[in-house]
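Going by this note's numbering, the first residue of the sequence shown is number 6, and it counts up by one from there.
C-beta atoms are modelled at their ideal positions from N, C-alpha and C, and glycine is treated no differently.
Quick caveat, the model's predicted, so the values are computed rather than measured.
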Amino acid sequence: MSGDFVKIVEVGPRDGLQNEPYTVPTSLKLDLIDRLGETGLKVIESTSFVSDRAIPQMADAEELIAGLQRRANVRYPALVPNERGYDRARSVGVDEVALFTAASEAFNQRNINCNIEESLRRFAPVLHRARDDGVRVRGYVSTVLGCPYQGDVPIGDVVRVAEALFEAGCEEISLGDTIGVGTPRKAGEMLRAVSQSIPMAQLAVHFHDTYGQALANIMTCLEQGVRVVDSSVAGLGGCPYARGATGNVATEDVVYMLEGSGLQTGIDLQQLARVGDWIAGELGRPRSRAGQAVLKRH
Numbered sequence: 006m007s008g009d010f011v012k013i014v015e016v017g018p019r020d021g022l023q024n025e026p027y028t029v030p031t032s033l034k035l036d037l038i039d040r041l042g043e044t045g046l047k048v049i050e051s052t053s054f055v056s057d058r059a060i061p062q063m064a065d066a067e068e069l070i071a072g073l074q075r076r077a078n079v080r081y082p083a084l085v086p087n088e089r090g091y092d093r094a095r096s097v098g099v100d101e102v103a104l105f106t107a108a109s110e111a112f113n114q115r116n117i118n119c120n121i122e123e124s125l126r127r128f129a130p131v132l133h134r135a136r137d138d139g140v141r142v143r144g145y146v147s148t149v150l151g152c153p154y155q156g157d158v159p160i161g162d163v164v165r166v167a168e169a170l171f172e173a174g175c176e177e178i179s180l181g182d183t184i185g186v187g188t189p190r191k192a193g194e195m196l197r198a199v200s201q202s203i204p205m206a207q208l209a210v211h212f213h214d215t216y217g218q219a220l221a222n223i224m225t226c227l228e229q230g231v232r233v234v235d236s237s238v239a240g241l242g243g244c245p246y247a248r249g250a251t252g253n254v255a256t257e258d259v260v261y262m263l264e265g266s267g268l269q270t271g272i273d274l275q276q277l278a279r280v281g282d283w284i285a286g287e288l289g290r291p292r293s294r295a296g297q298a299v300l301k302r303h
């Protein structure tokens, strides 16, 4: 594999918590973010400035950002769905945002109540203002390997949407298997197609582990040269619009696999395992496999 460092984008505080069935206290979210910052993680997705009605769990976005104890050299991006979300984020000092759309028309309609082209038009003023404000923008493309409503998603649609976000000004494009149906062969084919028009250095992968394929999918993508991986501590998460979709791949499992493959992350795995054990206990969720093994070993 070329390049021995892999950047982990920790999505637990946002993507991991957004589908919890009860309201997670802001204080617990802040504690989680702070503990994650102690592990060596450099990018921790903090929250989402979406409608309170759409994702009630993120209703405390302003309060959370106001209470954030920022660490030097750690980035805390937040998700914004549109210009209103961008206004809210900027009003409390967010300096890095992420936009999201899907490669599936059906998923976009169910998720953000518009088609793909409309979602891209909504992003135009956000990207324009972000450039003027010096705000870094990441783009998420979900359902890249399957959709709960339309089934298979053509690779050409994934490429088209990823290219549109990249050309509009997103500095990094995260390719998400939202419902976790992908397999290594399909993941590899998808990544190869997208990397024909977007530099591999500006691509990330985001796998859910519904069928237990996430680590294998990530390894296939690493072998092709991707060096940015999204993951969630303790495998927290799901998708409120994708019934049956289990959590993101666990950060502990990813770090263990990467280090065992000779790749560096800059993350203290033992400390990360302790954070995963703690938050799983707080939420009544199962621990990650690597996290449990690391803690038992030590």
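| task | Measure the C-alpha to C-alpha separation of A94 and V85 and round it to an integer number of angstroms. | result | If you number the sequence shown from 1, residue 94 lands on position 89. If you number the sequence shown from 1, residue 85 lands on position 80. Straight-line Cα distance between these residues: approximately 8 Å.
Exercise. How big is the Cα-Cα spacing for E110 and I38?
Worked result: Residue numbering aside, residue 110 sits at position 105 when the sequence shown is read from its first letter. Residue numbering aside, residue 38 sits at position 33 when the sequence shown is read from its first letter. Whole-angstrom Cα-Cα distance: 33 Å.
Legend entry - Between the CA atoms of G252 and V97 - distance to the nearest angstrom: Mapped onto the sequence shown, residue 97 falls at position 92. Mapped onto the sequence shown, residue 252 falls at position 247. In a straight line, the C-alpha of V97 is about 29 Å away from that of G252.
>> My output table needs one value for D65: the three-state DSSP class, helix, strand or coil.
In response: What you label residue 65 is simply residue 60 of the sequence shown in a count that begins at 1. Under the three-state reduction of DSSP, D65 is assigned to coil, being neither helix nor strand.
Per-residue DSSP class, three states only, for L41 | Position 36 of the sequence shown, counted from the start, is the residue given in the question as residue 41. DSSP places L41 in helix when its eight states are reduced to three.
- So does the stretch 189-209 actually touch the stretch 156-175, counting three or more Cβ pairs closer than 8 Å? yes
#### Entry: Member of V186, R127 and G281 whose CA lies at the smallest distance from the CA of Y216
As a first step, residue 216 is located in the sequence shown; it is residue number 211 there, counting from the start. Taking only the C-alpha atoms, the option nearest Y216 is V186.
Exercise for the section: For G271, collect the residues of the same chain with a Cβ closer than 6 Å to its Cβ; drop the 5 residues on either side in sequence, then sort them by chain order. Expected result: Taking the first residue of the sequence shown as position 1, residue 271 is located at position 266. Excluding positions up to five away in sequence, the list reads G45.
Next item on the list: Please determine, among Q269, T52, Q74 and E264, the residue with the shortest C-alpha to C-alpha distance to A83.
Entry: Within the sequence shown, the letter at position 78 stands for residue 83. The shortest Cα separation from A83 among Q269, T52, Q74 and E264 belongs to T52.
Q) From this set, E287, R290, G289 and W283, which residue's C-alpha is nearest L300's C-alpha? A) On the sequence shown, position 295 is the one that residue 300 refers to. If we check each option's Cα against that of L300, W283 comes out closest.
Item checked: Beta-carbon proximity list for D92, same chain, < 6 Å, skipping 5 on both sides -> Reading the sequence shown from its first residue, position 87 is the one you call residue 92. Excluding residues within five positions, none has a Cβ falling inside 6 Å.
Taking C-alpha atoms, which residue in L268, R279 and G286 lies nearest to F10? Counting from 1 along the sequence shown, the entry for residue 10 is found at position 5. Checking every option, the nearest Cα to that of F10 belongs to L268.
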